[in-house]
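Colleague: The structure's right below; bear with me while I get my questions together.
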Amino acid sequence: MESSFSKVITEHDIAGFAEISGDTNPLHLDEAFAANTRFKTRIAHGMLTASLISAVIGTALPGDTSIYVSQSLNFKAPVRIGDMVTAIAVITALDPERRIATLSTVCRTAERNVIEGEARIMVPAPA
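Per this note's numbering, the very first residue in the sequence shown carries number 62; after that it's consecutive.
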């Protein structure tokens, strides 16, 4: 079973995430600063990008009432303002007795995977 969620990362997203998280690293917010880094421009917060995985898990796979147990993340490449990011989650294992699902998680742009990881979630009981 697989599901995905896509979003274009905007200036508004980055500013909002900085305010909510308190991560005001100038690499995300200051173009003049970022121009002198190896990225040559501002990049999105890694955790902003990773939060798109939560959108998949909380709304689609398996959906409402699912609860995160753990999430590993490997950051592979930066995300820039204007990039379309697609978060993909695939169920790779299910422990029905404990109601725990293991998912392969990826965030990708058109060019490459930008995040790879694995999530474990509590699956809601059947109604």
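Heads up, the beta-carbon is just placed ideally off N, CA and C, and yes, glycines get one too.
1) From the DSSP output, in three-state form, read off Asp156 for me.
2) Looking only at its chain, what residues have a beta carbon closer than 6 Å to the beta carbon of Thr71, apart from the 5 residues adjacent to it on each side?
3) Select from Leu109, Thr98 and Lys101 the residue whose C-alpha is nearest the C-alpha of Glu80.
4) Just the C-alpha distance for Met62 and Ile152, rounded to the nearest angstrom, thanks.
5) At the level of alpha carbons, what is the spacing between Thr85 and Val130?
6) Start and end of the beta strand (DSSP E) containing Leu109?
7) Taking C-alpha atoms, which residue in Arg99, Ile128, Val175 and Asp91 lies nearest to Thr147?
8) With a Cβ-Cβ cutoff of 8 Å, do Leu122 and Gly178 count as a contact?
9) Check whether the Cβ atoms of Leu88 and Cys168 lie closer than 8 Å to each other.
10) Per DSSP, what kind of secondary structure is Phe78 in: helix, strand or coil?
11) Considering only residues of the same chain and omitting the five flanking positions on each side of Leu155, which have a CB-CB separation below 8 Å?
12) Taking only three categories from DSSP, how would you classify Phe94?
13) How long is the line joining the alpha carbons of Thr98 and Ala105, rounded to whole angstroms?
Modeller: Straight from the coordinates:
1) strand
2) none
3) Leu109
4) 6 Å
5) 28 Å
6) Per DSSP, Leu109 belongs to no beta strand (DSSP E); it is in the alpha helix (DSSP H), Gly107 to Thr120.
7) Val175
8) no
9) no
10) helix
11) Ile161, Ala162, Thr163 and Val184
12) helix
13) 14 Å
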